[in-house]
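One structure is given below, encoded as structure tokens.
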Amino acid sequence: MRPLDPRLLRTAAAARTFVVAAAALSVLATVCVVVQAFAIGHAVAPVALDGVDLAAVATPLAALVGAVVLRAALTWFRERLGAQAAVDVVAQLRTRLLEHTSRLPHRWRTRHGAEVTTLATRGLDDLVPYVTGYLPQLLLTAILTPLTLLVVLRLDLVSGLVVAATLPLIPVFMWLVGVTTQRWSEQRLEALAAQGSQLLDLLAGLTTLRALGREVGPGVRVRRLGEAYRTTTMQTLRVAFLSSAVLELLASLSVALVAVEIGMRLVYDRIDLATGLTVLILAPEIYQPLRQVGAQFHASTNGLTAVQRVFAVLDEPLPADGERAVPAWDRLVVSGLAVAADDRGYLAPADLDAVIEPGRVTALAGASGAGKTTTAMALLRLQPPDAGTLVLEHDGERTDLADVASAAWWAQAAWVPQRVVTSGGTVRSHALGGASGPDAEARLVQAAEATGLAHVVADLPLGWATPLAAEAGGLSSGLSVGQTHRLELTRALVRGARLVVADEPTAHLAPGDEQEVVAALRAVADAGAAVVVVAHRPGTLAAADVVVQVRSSAPAEVAA
Amino acid sequence: MSVVEPGAQLLPEPAGLPPAAAVTTGVRADLRALRPVLAMLGLRRAVLARAVALGSLTLAASVALSGTAAWLIVRAAQMPPVMYLNVAAVGVRTFGILRGVSRYLERLATHDAALAGVAELRTQLYERLSAGRTEELARLRRGDLLARTGADVDDVGDVVIRALVPAGVSVVVGLGSVVLIACFSVPSALVLLACLAVTAVVVPALAGRADSRAETVRVASRAEVATATEALVSRAAELAVGGGRPDALAALEAAHTQARDGERLAARPLAWSAATAVLAVGASVLGALLVAVPAVGSGALTATELAVVVLVPLAAFEATAPLPAAAAQLRRSAQAARRISALLAATDSAARPGVVRDSVAPDGVAPDAAPEALDPLATTLQPPGLHARGLVCGWPGGEACTAPLDLDLTGGSLAVVGPSGTGKTTLLLTLAGMLAPVGGAVRVDGVDPHGMRGPERAAHVALTAEDAHVFGTSVLENIRVARGDVAREEALELLDAVGLRAWVEALPDGLDTVVGPETISGGERRRLLVARALASPAPLLLLDEPAEHLPDDVAQALVRDLLALGRHERSVVVVTHHVAAVEAADAVVTLGHAVPAGAAATGAAPGAASAAPAPAASEA
């Protein structure tokens, strides 16, 4: 895992700005550290050697005050900027991630949607400690450590060399410890993960065990697993803590060496006290950022993993878009349509032929998993076919649907999902769908009459002004599932959609409600739209003009 | 006596969050919340003391390294014979090594103590949950149960590593440094004490305020972000075709703006906290100089002591550095502890069925209105079998969800149907004794199932909930969850009975294949759960939606087979929405409707079952 992925800087502008700002702050912080050390050294030395009074060391004291105040101000700024940058970086990545995901093929989303949702909500939040903690610390290490070392080298070559010699030992030893224990650690971590999930599995099953009267006994297993988990964790930690122990040991030993070596040279007057004290104060500062960067890295690995996952999603190619306008069409010919069910190694649908015509209700039937919804998505240009074509025909003129601009195609299509989620407004505003003017009003009245929504509205106490739920998952208040579908179909009619695709609009409906929705579908077809409906129920299938059997290429037993 | 307010939720809110009023801030409140749960960690004083001692040794070595180095350098500048410096030179290096080694030992000791505590707490929690009342367990979603026993327990353990031990170390080392300095100069020691106090109190307090502000803000913006995310991912098709994508992205942007404003507000005290820490260190050095320099002039302090007094503070502040993080951890752990305590209080409560029953009066039905209905249970309708009189089901603290029911089931089968939300699952949980009846009474083989524990329950009734857990172990062990001594042959027969024979034979290790989310589909999972239920020794089987996720025809056949089981030695109650299959049941209860369909006459002969609304039933 790279500590600073250049892709992160490319993708999130906020990260770029913050890195530059944090680098500038680090340079200033280095200046403060050096000034502070000089000030203390030059304040203590004359007093220790000559017993001068406060007035004589007023200059270094003033410098010390300045350095402390400036350092505090820099810290203040760094915290403020870090918190802001963290929110912004997360926001920018999330927006990119979700926008990209919403444009990917339907089947990819079905398969990875839950993963993306987790990543966008919880996963990316783990990036906050990376941005606020690790990133500035990394920059501080990259700037303060070498700059301060240069200052020490300039002040006192011997001490500088001691530090310069021990400093590279830290990464070398940490690397050595890491390499020699890697295999062992990996095994431990695997065992740890296994024990952890066993334990959680047992805990998660407690309610089930109680329901079966079998809860007595596993308590012992919980204890045993807990103890085993502890043992394995301790074995892992004994090694894992080694590398930081090496760091700590080398850092404090180096400071000790510097102190002794300065002391010995002071005795022979090879160095003055002020310089000696300055170097003594600076030496631990050189190691300080190194010691912290490791701890911060630990806290940000989850965030870095999340970023890598975001990039993996962004690397998914978007389906190609066409450029042509939608031609006049009176037939949508589907031939040999196939979409890979990529995780299961077969096609669903496989080799599907169908003709969709305006004015007709076409039902897509088939076993679950056969690819009915995927076929619907292909008709809507939301799922590129892996094989086969979708061709718009008119008077012998043929246009491949893939060459048509998707936005233009969507402008004359409507999609009615199984579960309609409304986003506020009223029944009226929803049915109008943004259309306005007397013309739209007339269309609304006509459409509502055709789909039967008019009767539904007549029974509502607030009529057309009935408010709709605005939050996610909130169904339209007071409307049943069947009524909501009639509302959606009315909306499609008002929009003047030429292709209306509905996903199981009659599932979970009482027979009476089913007939009403079927009638609404028929009304939409009569108004001149090509209606495609994914259907299971015999009542709905019987009402369709054409029933297209969708089949997958899966072996029979897998499909069952 | 709890009062059910009008409009109270049917289902109680998940026990995940403590009521807002209970979340009081402040270290003292946090410690109070932690105490009972910390006691369950079973930490030994000696173990904690060892960790604090090792941690203090680490930082003491650090302070000593600074002090000795300062002394050494200033003493050297006075050019004494080298032999006078040898002890200090050795001391400096020793402290350098000691610091590294003791830090390593301290981390191991702290983690070991915390892990031992976590294992102990988890076991105790498991045992108390498995012995306590079942209501809370039944209402808890699996994710919440895992969060309580998994992440929350770990969070409580972390308080040892990140708060208790560092706080102990900072007190020991901070005061130790002050005492050390006081040996040379009392005023300097007072300056150091004041500055340390600032970093130990003001800095963590500010950080804590930022932390709680940020949390409030994040809860709000997280919900907005989740809504926008859900829309863009799950409703992508709708948004693309309907042209709603820009709106959804705008909603996401609005959520981000809200988060940004919130973080800006929260970051303010955090920035002040960090800046104050820097100022405190600077002030202590400066203060030491201002006090000590004149003291050297007056001869009260020697030159070497001056160096020690000025340089030691720089190292001493290492002790208070982890305190802001410790305060944050304390808050987090206290919240976890509150959730654990709330869960334990709900399950440990000594309330018995009768008390719970009396506490909630469903609309129009006085629970004590039908004492005569209880009498037959005690006398005429003796075991075996399932009998209920005037049974009203509901969640504790919530409204009743069913009208009063009379049930008699002896070696027969009963189907429970009805639209979702009419209390089918609640009824089943009540029959299983996982919930206390809100009104009326239920007996299984003459015993109130609500008091049953462990083997006693297993001998009478077995419930398979809709979300029953499939354990991450082999197929065979999953069946043995119901009864430990199921033989391989018997397991295969049971799997055969639910149509899983071919599936299990196709598995790489057959019965010994470990089941995971990848090896088992939704339908197979259901059938495995049914096979497990069949393995149970209980004469009464209760199954909630056993045919969910199965193709229609398969589902109907399975429900029919299960209901037919009732013809043999067993009683079966099946909750299902496969209405077509329920004709195989001896009796049907339709919830959400006034008159049960297919109700048989009362009076139970062996092999017969009946279900009827109780006379006291209020028409819905």
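Chains as they are written, first to last, in the working numbering: chain A, 126 to 685; chain B, 101 to 720. Heads up, the beta-carbon is just placed ideally off N, CA and C, and yes, glycines get one too.
Nearest chain A C-beta to Trp495 of chain B closer than 8 Å, yes or no?
-> So no, Trp495 of chain B is outside the interface.
Out of A:Arg247, A:Leu604, A:Asp564, A:Ala164, point me to the one whose CA is closest to Val552 of chain A's CA.
-> A:Leu604
Would you say the segment 296 to 313 of chain A touches the segment 198 to 218 of chain B, given that touching needs at least three Cβ pairs under 8 Å?
-> no
Sort A:Phe143, A:Val675, A:Ala154, A:Ala512 by Cα distance to Ala463 of chain A and report the nearest one.
-> A:Ala512
Thr329 of chain B CB to nearest chain A CB: under 8 Å?
-> yes
With 9 Å as the C-beta to C-beta threshold (strictly closer), list the residues of the segment 545 to 561 of chain B near chain A in chain order.
-> Met552, Arg553, Gly554, Pro555, Glu556, Arg557, Ala558, Ala559, His560, Val561
Among A:Thr358, A:Ala170, A:Leu324, the one whose alpha carbon lies nearest that of His211 of chain B | That would be A:Thr358, whose Cα lies nearest to the Cα of His211 of chain B.
Closer than 8 Å, Cβ to Cβ, to anything on chain B: give me those residues from the segment 531 to 542 of chain A, in chain order.
-> Ser531, Trp535, Ala536, Ala538, Ala539, Trp540, Pro542
Which ranges does the beta strand (DSSP E) cover as unbroken runs of at least 3 residues, wholly within the segment 303 to 341 of chain A, from first to last along the chain?
-> none
In chain B, what lies closer than 8 Å to Arg611 of chain A by C-beta?
-> What Arg611 of chain A touches in chain B: nothing, since even the nearest Cβ is about 17 Å away.
Going by CA-CA distance only, name the one from B:Asp652, B:Arg627, B:Val614, B:Leu379 that's closest to Ala632 of chain A.
-> B:Asp652
Does DSSP classify Ala655 of chain A as helix, strand or coil?
-> strand
Could one say the Cβ of His487 of chain B lies closer than 8 Å to chain A's Cβ atoms, at least one of them?
-> no
Contact list for Gly397 of chain B against chain A, beta-carbon separation under 7 Å | Gly176, Asp178
Could you give the DSSP three-state label for Ile406 of chain A: helix, strand or coil?
-> helix
Return yes when the Cβ of Ala415 of chain B is within less than 8 Å of the Cβ of Val163 of chain B, no when it is not.
-> yes
Thinking C-alpha only, which one of A:Asp250, A:Thr400, A:Ala290, A:Gly351 is nearest Leu375 of chain A?
-> A:Ala290
Outcome for Asp311 of chain B when other beta-carbon atoms lying within 10 angstroms are tallied against a minimum of 16 = Per the 10 Å Cβ criterion, buried.
Looking at C-beta atoms only, is the number of pairs between the segment 491 to 505 of chain B and the segment 529 to 541 of chain B that lie closer than 8 Å three or more?
-> yes
May I have the straight-line CA-CA distance separating Ile411 of chain A from Val396 of chain B, to the nearest angstrom?
-> 31 Å
Interface residues of chain B facing Leu223 of chain A [CB-CB closer than 8 Å] = Ala328, Thr329, Leu332, Val333, Leu349, Leu352
Do you know how far the Cα of Ala473 of chain A is from the Cα of Glu518 of chain A?
-> For Glu518 of chain A and Ala473 of chain A, the distance between alpha carbons rounds to 25 Å.
Work out the CA separation of Ala427 of chain B and Thr65 of chain B for me, nearest whole Å.
-> Only positions 101 to 720 of chain B appear in this structure, which leaves residue 65 of chain B out of reach.
In angstroms with no decimal places, state the Cα-to-Cα distance between Gly521 of chain A and Ser460 of chain A.
-> 16 Å
Could you work out which residues of chain A lie near Met179 of chain B, taking near to mean beta carbons separated by less than 9 Å?
-> Simply Leu391, Val392, Tyr393, Asp394.
So, helix, strand or coil for Pro185 of chain A, using DSSP?
-> In this structure, DSSP gives Pro185 of chain A a helical state, which the three-state scheme calls helix.
Proximity to Ala239 of chain A [Cα-Cα], best of A:Leu252, A:Asp250, A:Val253, A:Leu223 | When each option's Cα is compared against that of Ala239 of chain A, the closest is A:Leu223.
Go ahead and pull the three-state DSSP assignment for Arg723 of chain B.
-> Here chain B has residues from 101 to 720 only, and residue 723 of chain B is not among them.
Which residues share a DSSP beta bridge with Thr299 of chain B?
-> None; Thr299 of chain B has no bridge partner.
Specify the secondary structure class of Gln640 of chain A as computed by DSSP and reduced to three states.
-> helix
Distance, Cα to Cα, Leu614 of chain A vs Val547 of chain B?
-> 56 Å
Interface positions of the segment 191 to 213 of chain B facing chain A (Cβ-Cβ less than 8 Å), listed along the chain | Val192, Arg193, Phe195, Gly196, Ile197, Arg199, Gly200, Val201, Arg203, Tyr204, Arg207, Leu208, His211, Asp212
According to the neighbour-count rule (16 or more other Cβ atoms, all chains shown, within 10 Å of its Cβ), is Met183 of chain B buried or exposed?
-> Met183 of chain B should be labelled exposed.
Backbone secondary structure at Arg132 of chain A - three-state DSSP = It is helical.
Compare the C-beta of Ile481 of chain A against all C-beta atoms of chain B and say whether one is closer than 8 Å.
-> Not an interface residue.
Tell me whether Ala436 of chain B counts as near the ligand NAP, meaning its Cβ is closer than 7 Å to at least one heavy atom of that ligand.
-> In the structure on display, the ligand NAP does not appear, and there are no ligands present to speak of.
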